[in-house]
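K.L.:
Can you keep this structure in mind? I'll have questions shortly.
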Amino acid sequence: MITFTLNGQAITTDTAPTRRLSEVLREDLGMKGTKVGCDAGDCGSCTVLVDGRAMCACLTPAARVQGAHVETIEGETPELTRLRAAFLRHGAAQCGICTPGMLMAAVDLLGRNPTPTETQASDALGGVLCRCTGYRKIIAAVCDTTDTPAITTGGVGAALQRLDGAAKVAGDLFGADVVPDGALTLKAIRSPHHHAAFTFGDLTAYGQRPGIAAVFTAADIPGINRFGVIPPFADQPAIAPSPARFRGECVALVAFEPGVTPDTADFPIHWQERPALMIPAEAETAAHLIHANRPGNRLTEGRVVKGDAASALAASAHIVEGEITTAFVEHAYIEPEAGSAWMERDVLNIRACTQAPVMDRDDTAAILGLPVDKVRIRPSAVGGGFGSKLDISLQPLLGLVAMKTGRPVRMTYTRQESMVSTTKRHPAEIRGRIGCDATGRITAVDFEGRFDTGAYASWGPTVANRVPVHASGPYLTPHVHARARAIHTNGPVSGAFRGFGVPQAAIWQETLYDQLADKAGIDRLEFRILNALSDGDQSATGQVMQATGIRQCLESLRPHWHRALAEARGKPGRGVGIASCWYGCGNTSLPNPSTIRIGITAQGDIVLHQGATDIGQGSNTVIPQIAAEALGLPIEHFHLIGPDTFLTPDAGKTSASRQTYVSGRAAHDTARALRAIILRLANASDAASLSLTNGTLTVTEGTIRRDIALGKLPTGADGYVLHAEETYDPPTAPLDANGQGKPYAVYGYGAQLVELCVEPTLGTVKLLKITAAHDVGRAINPQLAEGQIEGGIAQGIGLALMEEYLPGRTENLHDYLIPTTGDVPPIQSILMEIRDPEGPFGAKGLGEHVLIPTAPAILNAIRHATGAKITRLPALPHRILAAIQGAKP
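Numbering (the numbering used here), first residue to last: 73 to 961.
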């Protein structure tokens, strides 16, 4: 028996003294606000206070708290209450999975130091990882726990606190936190090899062991054992038959009875390891085909051809050429995949983390041989996604077991399991040339990229098609030849990761543009301004550009650029770099619709059915802000019904920086349609104003006031007296064989300036400041926009300087490094608003293009400081040192 005080209450629990405190809190005592992201003390999401000091509950044995005072996020101390309010006011929570750990670490700090400096706050929070925020708003919140109220009302342009923020600072419930009573526990058997055939032993005997409820293999899949985000390329099995094509592939499932500790160490499987193709260049010429129907192991190829790049380069006054190689990059969201499933009559219910509930429904139904109306996806809060949770993972596994056994089932990936089995950023090998004339105007770009798409297709076709469109950057380029191909290997599956290959292309293009500017004798910033796209220019695909904000972004950085150069002058190791970006919002030349529904009840509640998954980016707040502004009623009247395939129309996937633009436009159009219905009822024009009080909708136009008693209107089958539903699909056009067409209706733009210092004897980099100017079209919520910029920059820092996923070697958050509080410098965000007529109130997407300029700006600053040209990422110290040596005469 162990006795301790938990949030002020005496607790006695009969548990093993060596059991993890996190398990005692979560499983025995129901304190699900304490999160578990790694079970190794690496992520800090399980941080609690033991006698006032922060500790990782996953590393603390239960015996350690005998007689101690334990505090968790569920507590209600004055310090925690003030910190919660500060986090809401500063926008310090995005997805929310790390928030409980951050708050508890901050309570410890403020208990010892009530007025910390930023450095002290950063140091105190350094043991808690966050993948979303970039830490800056968290640090600001910890340093400012005053009683200043947050902004809780307002429409477009208001820095409104997150409408779902209160749940995040209270320990929101994620996929692992809600478990049906009596749920089986599911564990996957995964390949330890990159490529291996396998056979099973006596599965019948194994399945009859005490504590084991059932065993499943590919033979038990009742439908089509294949999925993929792009149907013509679907090729990945939910449970693989022999052979396994990559390390971590699921080949069998074991369902354990409730209360049994899952142990699959002696599962009867026999492996026959086979040679693995791990290098794309070798895979292209290998006799062995990973998929028999894809010659040369080529998944697909994209291209954009405009003019005659070869001739234009031959006639150019200045030419630079180069190549860049990037690595696998892990998404490293703090929440491992988790969820549960159960049957309600003949409907399969799945509650899990996802970015694409309708896609999950359709793929899972096909795999299980069910009609789509017999599968209900009920997304949990998502603890980070960044693209990887677009692909299904555990959904069909959970569904298979729930359907076959008729019993509820739960599954939570371990940190290693999450890292080995899910998608990565595509490694890229990019080479080519860029030329300009004697005045510095770009003449041509010749680009060739080879992308390692891994064992299965996933988002490889999207990367191969999107990259050539963006290969010349946001610059007027008369002649372009760009080609990108996705090649299969036995490496991890490469999928969507914040930018779909564009960040890799930008590293190549922006580092070469820097060198070309030097060769032409033009200031690096002015070179970019000289060549920036303007309204009316044609892109490489022949699209006529509008609302083109790159020039304004660059010009806004001029004073910062000159200051930074002046401060760096004469200081060894100091460097200043700049890079630009553009990014097409939404699918590339494909249908991309979103549908939003709004209803008003007889009691006067406005209900927004919004199926856009919020993974931390803020759609649960931004889309209601747009709807409230368009309808003309305060946001306080709105009630949100979030994504649920039985309750919300399809708002599409959360990817490609599309939700604010596409779903936001659908919300705008729906609200305007509902407003038109109301105005017709009142015989009023659009100049009228609306108000809503106690079930009465009042329409006022000049001196005329008309009241609509909602309770007297007939209630429809949907429960609403008034309702509207609209769909918006961006106006794009297909690309022809040369990549000519209109791939996107809206583009976002940005430019970032990096100031840093390189230690030349160690090759280490200290970032001093990053200034980021991004064209958002219209800042629907400026605070959330800043949060996206800061979080994207943090991921760009990781891409540039530290992140490299090596299968079998960096499969945890100790060996795989992501930026911590000490790695992200002060960030100044400049929000440019070049309104696009397609976006809601002029808004554009933002989530992905904020990451794109960071890495090349860092590399350009390193070259400015040392002369070193980095051609392999990440720029680890030994690579920087080698490049410095190579740059010496």
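Cβ coordinates follow ideal geometry from the N, Cα and C atoms, glycine included. Since the model is a prediction, treat every value here as computed from it, not as a measurement.
(1) By how many angstroms is the C-alpha of T732 removed from the C-alpha of Y800?
(2) According to DSSP, is G656 part of a helix, a strand, or is it coil?
(3) Over the uninterrupted beta strand (DSSP E) stretch that includes L531, give me the two end residues.
(4) Rounding to the nearest angstrom, what Cα-Cα distance links A789 and G671 in this structure?
(5) Tell me which residue opens and which closes the beta strand (DSSP E) that H709 is part of.
(6) For the beta strand (DSSP E) that contains E321, what are its first and last residues?
(7) Using a threshold of 8 Å, state whether the C-beta atoms of G736 and A915 are closer than that.
(8) If we ignore side chains and look at the alpha-carbon of each, how far apart do S727 and G774 end up?
(9) In whole angstroms, what is the alpha-carbon distance linking A437 and V444?
(10) On the CB-based measure, 16 or more other CB atoms within 10 Å of its CB, does F718 come out buried or exposed?
(11) Can you tell me which of H266, D219 and I261 puts its alpha carbon nearest to the alpha carbon of A527?
(12) Taking DSSP as the reference, what is the three-state secondary structure of A554?
(13) In angstroms with no decimal places, state the Cα-to-Cα distance between D307 and S263.
(14) Please give the ranges of any alpha helix (DSSP H) in the segment 588-639, keeping only runs that are unbroken, at least 4 residues long and fully inside the region.
(15) For the beta strand (DSSP E) containing I138, name the first residue and the last one.
(16) If you draw a straight line from the alpha carbon of E598 to that of E627, how long is it in whole angstroms?
(17) Candidates L235, L245, S388 and A568: which alpha carbon is nearest C170's?
(18) When the Cα atoms are used, what is the spatial distance from P309 to I695?
(19) Which stretch, first to last residue, makes up the alpha helix (DSSP H) that contains Q192?
(20) Kindly list the residues whose CB is nearer than 6 Å to the CB of L275, restricted to its own chain and excluding five residues on each side of it in sequence; keep chain order.
(21) Just list the residues that DSSP pairs W414 with in beta bridges.
(22) Grab the span of the beta strand (DSSP E) containing E797 for me, first residue to last.
(23) Between G254 and P330, is the Cβ-Cβ spacing less than 8 Å?
(24) For C508, list the residues DSSP reports as bridge partners.
(25) Can you grab the Cα-Cα spacing for the pair L440 / A760, in whole Å?
(26) Can you name the residues that DSSP bridges to G102?
(27) Per DSSP, what are the beta-bridge partners of W343 in this structure?
(28) The alpha helix (DSSP H) spanning L155 covers which residue range?
(29) Exposed or buried, what is V241 when buried is set at 16 or more other beta-carbons lying within 10 Å of its beta-carbon?
(30) Here's the rule I'm using: 16 or more other beta-carbon atoms within 10 Å means buried, otherwise exposed. How should K643 be labelled?
(31) So what does DSSP say about R944, is it helix, strand or coil?
(32) From which residue to which residue does the alpha helix (DSSP H) around V179 run?
(33) Any idea what DSSP makes of H740, helix, strand or coil?
(34) From the DSSP output, read off the bridge partner residues of Y207.
(35) DSSP three-state call for S566: helix, strand or coil?
(36) P928: which of G919, R630, E582 and L753 sits nearest, CA to CA?
P.N.:
In short, the structure shows the following:
(1) Y800 and T732: Cα-Cα distance of roughly 12 Å.
(2) It is a strand residue.
(3) A quick correction: the sequence has Trp, not Leu, at residue 531. Premise fails: W531 is in no beta strand (DSSP E) and is neither H nor E.
(4) A direct Cα-Cα distance of roughly 12 Å separates A789 from G671.
(5) First-last for H709: undefined, no H or E at that position.
(6) No beta strand (DSSP E) holds E321; DSSP gives it neither H nor E.
(7) When the beta-carbon positions are compared, G736 and A915 come within less than 8 Å of each other.
(8) Using only the alpha carbons, I get a separation of about 44 Å.
(9) Computed Cα separation, rounded: 5 Å.
(10) So F718 ends up on the exposed side.
(11) Nearest of H266, D219 and I261 to A527, Cα basis: H266.
(12) Three-state DSSP puts A554 in a strand.
(13) If you take the alpha carbons of D307 and S263, they lie about 18 Å apart.
(14) As far as the segment 588-639 is concerned, its whole alpha helix (DSSP H) runs of at least 4 residues are 596-603 and 622-628.
(15) Here residue 138 is Gln; the residue named in the question, Ile, does not match the sequence. Annotation for Q138: no beta strand (DSSP E) segment contains it, and DSSP assigns it neither H nor E.
(16) Spanning the two alpha carbons is a distance of roughly 9 Å.
(17) Comparing alpha-carbon positions, the option among L235, L245, S388 and A568 lying closest to C170 turns out to be L245.
(18) Cα-Cα distance, rounded: 35 Å.
(19) Q192 -> alpha helix (DSSP H) spans E190 to L197.
(20) Within the same chain, L275 has close Cβ partners V287.
(21) DSSP lists N421 as partners of W414.
(22) It spans L794 to Y800 - the beta strand (DSSP E) in which E797 sits, taken as one unbroken run.
(23) Here G254 is near P330, since their CB atoms are less than 8 Å apart.
(24) H390 and I514.
(25) Roughly 52 Å between the two C-alpha positions.
(26) Beta-bridge pairing links G102 to no other residue.
(27) Answer is F270, bridged to W343.
(28) P150 to H162 is the span of the alpha helix (DSSP H), which, as asked, contains L155.
(29) Here V241 is buried: its Cβ has 16 or more other Cβ atoms, across all protein chains shown, within 10 Å.
(30) By the neighbour-count rule (16 or more Cβ atoms within 10 Å), K643 is not buried but exposed.
(31) Reduced to three states, the DSSP call for R944 is strand.
(32) DSSP places V179 inside the alpha helix (DSSP H), whose first and last residues are T171 to R184.
(33) Reduced to three states, the DSSP call for H740 is helix.
(34) DSSP, once it has assigned bridges, lists no residue as partnering Y207.
(35) S566 falls in the strand class under three-state DSSP.
(36) Nearest option by C-alpha distance: E582.
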